[in-house]
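Colleague: Right, I'll just put the structure down here and ask away after.
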Amino acid sequence: MKNGNNGSRRKFLYDIGLAGLSIPFISAVGNCTGETKKQKTMSAKNGKLGIALVGLGGYAGGQLAPALLQTEHCYLAGIVTGTPSKIPVWKEKYNIPDKNIYSYDNYDSIKDNPDIDIIYVVLPNNMHAEYTIRGFEAGKHVICEKPMAITVEDCDKMIAARKKANKLLSIGYRLHFEPYNLEMVRLGTQKIYGHLKKISGGFGFRAGPSQWRLTQKYAGGGPLMDVGIYVIQAMCYTTGMEPIAVTAQEGIKTDLERFSEVEQSLTWQMEFPNGLITECKTSYADNMNFLKAEAEKGIFELTSAYNYTGQKGNTPAGAMDFPHINQQARQMDAFALTVKNKKQSIVPGEMGRRDVKYLQAVYEAMRSGKRVLIKAE
Ligand code: NAD
């Protein structure tokens, strides 16, 4: 945005490089980890914490590892993989010593490796809980990809393991570090254009012939689990509220074979305590990527909202004009700093668990055709 509201505040948010840290996306999470002085000495290399990526698939290889070449507070120290053929390429590209390369079988022995401070779990959704819990049992801090797990019960076990280990848990919610989405948060929660009257959002893409994403056991559901979760997040951070009820309708399946286990597309509505009802959609068959907020004094929106880069936004004051930063680098740097400073992540396990609860409520509404209340906890 060239002109408009509170420019210095916006500039400050992304200039500090950790914009999300300033935004109160959540309210119910404490500030301190309670780590004791017995905490092991960090393995900082040139002051950077070591991250081990668990699962070397598309996201780890395409986004996270390259981002770790740009981070200031952490670096790629190790890898955990079940595919030995991937090792030589990763070793050479990221200069990873043999002693920091693990298989799923010897993963637990990572506890003896002082080079690794943080485990980053980038596996299929149903494996997040196990590898996060084993990461905590190895005495490491953990970043876990979204969705945190496929059941709330698994989330509870992960949070319990975190507490027992007295370590930190963060979810891979990169958009909390992305300037255009942060601007939506500011405009929405500070009511810059008055009260919100309507919000809609959608994230979908044409899924390839994959894989675990189309299998209920691995993914826990279809596009809702994968990309619809971003829309759920956007509704919560743009309003600054948590929903009280949801309704949902499954879309028609045009490819019964591919979508034999999970939904092909889905629309759902989230009802907030002030009466606001938001319209949301997701799909594995259609491309969509937007977040639109209609307020009393005009519309503010992202027409490209959730991708790794290329966000575009408009407000009544003009087009948004923020730098396009490396979201993953900023997200991992923010977590490394919270570890160093013994603070809580701004995207903690409690937030991941909250969202899994909403995902399950949407599926319940889809299956039952009924309005599903979300119990406050
Ligand atoms: P992918 O299929 O490309 O990679 C998955 C990795 O897990 C592969 O290396 C595969 O070998 C490994 N794996 C181990 N056991 C497996 C098993 N039993 N079945 C299948 N794969 C197995 O997937 P991805 O796109 O990298 O997604 C991984 C995780 O990251 C998912 O939870 C996904 O939701 C998340 N993700 C997040 C973002 C984001 O923007 N935050 C983007 C993409 C993916």
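With positions in the sequence shown counted from 1, the corresponding number in this note's numbering is that position plus 44.
Backbone N, C-alpha and C define an ideal beta-carbon position, used for all residues, glycine too.
Taking DSSP as the reference, what is the three-state secondary structure of G413?
Modeller: coil
Colleague: Tell me, which residues are paired with H185 by DSSP?
Modeller: H185 is bridged by DSSP to I162.
Colleague: Please determine, among D152, L212, L219, A363, the residue with the shortest C-alpha to C-alpha distance to E181.
Modeller: D152
Colleague: Helix, strand or coil for L300, going by three-state DSSP, please let me know.
Modeller: coil
Colleague: Do you know how far the Cα of T326 is from the Cα of F249?
Modeller: 8 Å
Colleague: L320 and E294 look like a contact to me (Cβ under 8 Å); what is the Cβ gap, rounded to whole Å?
Modeller: L320 to E294, Cβ: 24 Å. No contact.
Colleague: So, is I177 buried or exposed, given that buried needs 16 or more other C-beta atoms within 10 angstroms?
Modeller: Around the beta-carbon of I177, 16 or more other beta-carbon atoms lie within 10 Å, marking it buried.
Colleague: What are the uninterrupted segments assigned as beta strand (DSSP E) that are 3 or more residues long and contained completely in the stretch 317 to 396, given in chain order?
Modeller: 321 to 327, 332 to 339, 342 to 348, 356 to 359
Colleague: What is the DSSP secondary structure of I418, counted as helix, strand or coil?
Modeller: coil
Colleague: To the nearest angstrom, how far is the alpha carbon of P168 from that of W256?
Modeller: In a straight line, the C-alpha of P168 is about 7 Å away from that of W256.
Colleague: Among all the DSSP beta bridges, which residues are the ones paired with K241?
Modeller: K241 pairs with nothing; no bridge assigned.
Colleague: Which one or two residues does DSSP pair with K401 in a beta bridge?
Modeller: Partner(s): none; K401 has no beta bridge.
Colleague: Assign L268 to one of two classes, buried (16 or more other C-beta atoms within 10 Å of its C-beta) or exposed (fewer than that).
Modeller: Buried: at least 16 other Cβ atoms inside 10 Å.
Colleague: Ordered along the chain, which non-local residues of its own chain (more than five positions away) have a Cβ less than 8 Å from that of P128?
Modeller: Closer than 8 Å at Cβ, skipping near neighbours: S147.
Colleague: State buried or exposed for L240, treating a residue as buried only when at least 16 other CB atoms are found within 10 Å of its CB.
Modeller: buried
Colleague: Out of curiosity, what's the CA-to-CA distance linking Q277 and N144?
Modeller: 35 Å
Colleague: Does the beta-carbon of G102, which I'm using as the reference point, lie nearer than 7 Å to any heavy atom of ligand 1?
Modeller: yes
Colleague: So, for L231: in the same chain, excluding its five sequence neighbours on each side, which residues have a beta-carbon less than 6 Å away from its beta-carbon?
Modeller: Counting only Cβ-Cβ distances below 6 Å, and skipping sequence neighbours, we find F344.
Colleague: Would you say E189 touches ligand 1, meaning its beta carbon is less than 7 Å from a heavy atom?
Modeller: yes
Colleague: Report buried or exposed for R374, applying the criterion of at least 16 other Cβ atoms within 10 angstroms of its Cβ.
Modeller: Within a 10 Å sphere around the beta-carbon of R374 sit 16 or more other beta-carbons, which makes this residue buried.
Colleague: Is it right to say R415 is buried, meaning 16 or more other beta carbons lie within 10 angstroms of its own, or is it exposed?
Modeller: It counts as exposed.
Colleague: Can you tell me whether G126 sits near ligand 3, meaning its C-beta is under 7 Å from at least one heavy atom of the ligand?
Modeller: Among the ligands modelled here, namely ligand 1, ligand 3 does not occur.
Colleague: Once the 5 residues before and after G183 are set aside, which same chain residues still bring their CB inside 6 Å of it?
Modeller: K155
Colleague: Can you tell me which of P253, Q114, N358 puts its alpha carbon nearest to the alpha carbon of G342?
Modeller: N358
Colleague: For K92, count the other beta carbons within 10 Å of its own beta carbon; 16 or more makes it buried, fewer makes it exposed. Which is it?
Modeller: buried
Colleague: I'd like the span of the alpha helix (DSSP H) that includes Y224, first residue to last.
Modeller: In the DSSP annotation of this structure, the continuous segment of the alpha helix (DSSP H) that includes Y224 starts and ends at 223 to 233.
Colleague: Cα separation between G362 and M332?
Modeller: Using only the alpha carbons, I get a separation of about 23 Å.
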